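Since the structure comes first, as structure tokens, the remarks are kept for the end.
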Amino acid sequence: MSSPQCAVIMGGLLEQLLGDPFTVMNAVGLIAFALVGATKAIRERFDIFGVTVVGLATAFAGGATRDILVDRVPLALRSLGEVSLGVFGVALAIGLSMALESPDDHPFTVVADAVGLAAFTTAGAIVAADSGLPGFGVVVIATINAVGGGAIADILLDRTPFIMIDDFYASCAVLGGTTYWLLDTAGIGGGAAALCATVTVGTRLAAV
Amino acid sequence: MSSPQCAVIMGGLLEQLLGDPFTVMNAVGLIAFALVGATKAIRERFDIFGVTVVGLATAFAGGATRDILVDRVPLALRSLGEVSLGVFGVALAIGLSMALESPDDHPFTVVADAVGLAAFTTAGAIVAADSGLPGFGVVVIATINAVGGGAIADILLDRTPFIMIDDFYASCAVLGGTTYWLLDTAGIGGGAAALCATVTVGTRLAAV
Amino acid sequence: MSSPQCAVIMGGLLEQLLGDPFTVMNAVGLIAFALVGATKAIRERFDIFGVTVVGLATAFAGGATRDILVDRVPLALRSLGEVSLGVFGVALAIGLSMALESPDDHPFTVVADAVGLAAFTTAGAIVAADSGLPGFGVVVIATINAVGGGAIADILLDRTPFIMIDDFYASCAVLGGTTYWLLDTAGIGGGAAALCATVTVGTRLAAV
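Take a look at the structure:
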């Protein structure tokens, strides 16, 4: 299956689940990023406590920054649902690390990271647009929501943050956030979330 | 005097002062952490301006982060009382540095740090619980309130943050915060603050 | 033209524009810091995307931190005017880099940085005083507003933050903020902004 096909299918899947796009996108992002963060920590031979902390920090960092910027208490501190989804992603990573050889490089993890990036870009764009921010604010908050987790994971793992080096990581989120804002401004609210996610995951998977 | 005894006495002392547990715990934490931060800066031969800045930053960093997370203006910026207590802690450190040989390693400083950790864990747990956050939020905010100051001090002094290396520093705050939340949820609001402080200072002093 | 003369003239110019001192000071600061940040990035041979990001981050970082501390959504995310002024400063830097030999060391850039420092000190002091904060809060927020941009620029450019090494950078902002607070408390609201800016830019230009 080629990358663009994959992107369209994922966008479609997410779209079906919609109704409340923020909840869906946020849940997908939390599980995906907790999985990716925990997988990286497992590779660095952290103990179970460290793996959980890195996984949850990767899942929550972007959204918490988003919530501080739009002036509200971070959702992760208010909602036990967020914590449960994060823990589920960490458990998934531990399961995978037993089943797979090198889960860190596995296509599954790469796709999960791209899906998380897309889901959080969309979740961030929705929150920012609902807060009444203009285009610049929507794109900035979508991007921070999307790349915050990866940046924190790399800092905790003492690596150079790859979002700084990888040309097509933050840019995919900027592109997705801009797409959301354009559609939302044009009054096409319904498809905005799905297309934002599709554009982000599509450009990211095309790049890796 | 053994460490557990010491912990019980301190918990008892703090308890007596209660009535308004947040104010007492917060005041104890501010003085203790300003003292510890300033003592570290004195050892690194900072000038009086640098010692004051490091001391106040150590005292205020955790609480300011807590306040931003629960969506209010940091108390340290709003209340002159906070500043006065911080300055008092710095003055205490300067006085001690004249009286003692190596105040940085002195048992007094070690105990002050453990007391500050316990007091700020309790202050953070109280604020978070009063904001209506669930268990996870209470424990996270209690821990951030407690370890934020030490992390900032080490960054300003260009050391590796010891909260990352020392296994029984942040863990003591997590334990204390969990204790507070359990008692508070069980409706035993009265003793929650005292027991949270006792558990934190006790486990910390047992570890060092 | 000597530095003190220069400071007086600038303070006077800014004063004339007043009426709404926050808007004027904030606009001057945004253009000046976007220019300074972008000029540094040009010298490090960043591409146009990198130059824009560093310029905007330098212009927005201090004010965004100020807004988070006084518990509101950062102005840069809410107002397209802020973004336009930042982009204008970046464009100015690109133009200058074509006209001048080494714009990074050029007196024009040094003066622009001092003017930005003074303008943001004043903008921060106004916001903090209007939020009803006491003296300590006013001085801290004025200083953070003023030095936040330079600190971020140096981190993004992987230099040691010069605000840590340069004795007369943050101190100028502390002095300016204190001046504002004293005049504002004394009821001399009218001239407070102009004098705060004059004191800051004057001490800074006297130091370089």
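Protein sequences appear in the order of chains P, F and A. With our numbering, you'll find the first sequence wraps up at 208, consecutive numbering, no jumps. With our numbering, you'll find the second sequence wraps up at 1208, consecutive numbering, no jumps. With our numbering, you'll find the third sequence wraps up at 2208, consecutive numbering, no jumps. Virtual Cβ for every residue (Gly too), placed ideally from N, Cα, C. Note that the structure is predicted; figures quoted are calculated from it, not measured.
Among the candidates the options, whose CA atom is the shortest distance from the CA of residue i?
i, options, result
"Ile144/P", "Ala99/P, Ala34/P, Ala64/P, Ala57/P", "Ala64/P"
"Ala129/P", "Cys172/P, Tyr180/P, Thr58/P, Thr39/P", "Tyr180/P"
"Leu80/P", "Val1139/F, Val1208/F, Asp1154/F", "Val1139/F"
"Thr39/P", "Ala146/P, Ala125/P, Asp20/P, Ala57/P", "Ala57/P"
"Ser1084/F", "Arg2045/A, Phe2136/A, Gly2124/A", "Phe2136/A"
"Ala119/P", "Pro134/P, Ile152/P, Ala146/P", "Ala146/P"
"Gly67/P", "Val115/P, Ala173/P, Ile126/P", "Note that residue 67/P corresponds to Asp in the displayed sequence, not to Gly. The candidate whose alpha carbon is nearest that of Asp67/P is Ile126/P."
"Leu2030/A", "Gly2124/A, Gly2050/A, Asp2184/A, Val2073/A", "Gly2124/A"
"Val1036/F", "Ala1076/F, Val1115/F, Pro1074/F", "Val1115/F"
"Val1028/F", "Met1098/F, Pro1103/F, Ala1112/F", "Ala1112/F"
"Leu1075/F", "Phe1022/F, Glu1044/F, Arg1045/F", "Phe1022/F"
"Val1208/F", "His1106/F, Arg1078/F, Gly1191/F", "His1106/F"
"Ile2155/A", "Ala2061/A, Pro2134/A, Ser2097/A", "Ala2061/A"
"Leu133/P", "Glu2082/A, Phe2046/A, Ala2206/A", "Glu2082/A"
"Leu2205/A", "Arg2159/A, Arg2045/A, Asp2166/A", "Asp2166/A"
Grab me the residues of residue i's own chain with a C-beta within less than 6 Å of its C-beta, minus the 5 sequence neighbours each way, in chain order.
i, result
"Thr1122/F", "Met1025, Ala1193, Cys1196, Ala1197"
"Ala1034/F", "Gly1055, Ala1059, Gly1086, Gly1089, Val1090"
"Asp20/P", "none"
"Leu96/P", "Pro103"
"Ser2131/A", "Val2070"
"Phe2046/A", "none"
"Ile1094/F", "none"
Mind reading off the beta-carbon distance from residue i to residue j? Whole number of angstroms is fine, and I expect it under 8 Å.
i, j, result
"Leu2100/A", "Thr2200/A", "25 Å between Cβ atoms; not a contact."
"Gly2176/A", "Ala2142/A", "7 Å"
"Asp71/P", "Val2073/A", "5 Å"
"Leu2069/A", "Leu1092/F", "That pair is no contact at about 27 Å."
Put residue i into one of helix, strand or coil per three-state DSSP.
i, result
"Ala2197/A", "helix"
"Val1208/F", "coil"
"Asp1184/F", "helix"
Might you give, ordered along the chain, the residues of its own chain that have their beta carbon closer than 7 Å to the beta carbon of residue i, omitting 5 neighbours on each side?
i, result
"Ala1041/F", "Gly1050, Val1051, Val1054, Gly1055, Leu1157"
"Ala2173/A", "Leu2117, Thr2121, Ala2142, Thr2143, Ala2146, Val2147, Thr2200"
"Asp2104/A", "Thr2039, Lys2040, Arg2043"
"Val110/P", "Val208"
"Thr1178/F", "Val1139"
"Ile2152/A", "Ala2057, Thr2058, Ala2061"
"Met98/P", "none"
"Gly1191/F", "Leu1183"
Only counting the same chain, and skipping five residues up and downstream in sequence, which positions put a Cβ closer than 8 Å to that of residue i?
i, result
"Ser1171/F", "Thr1203"
"Ser1102/F", "Arg1043"
"Ala2032/A", "Gly2089, Ala2112, Asp2113, Val2115, Gly2116, Ala2119"
"Phe1108/F", "Leu1096, Leu1100"
Inside the stretch 2095–2133 of chain A only - beta strand (DSSP E) runs reaching at least 3 residues: Contiguous beta strand (DSSP E) elements confined to the stretch 2095–2133 of chain A do not occur, taking only those with 3 or more residues.
Those runs of the alpha helix (DSSP H) which lie wholly inside the stretch 37–92 of chain P and span at least 4 residues: Whole alpha helix (DSSP H) segments, 4+ residues: 48–69, 75–78.
Alpha helix (DSSP H) runs wholly inside the stretch 2132–2174 of chain A, at least 4 long, in chain order: Those alpha helix (DSSP H) runs which fall completely within the stretch 2132–2174 of chain A and span 4+ residues are 2135–2156, 2162–2165.
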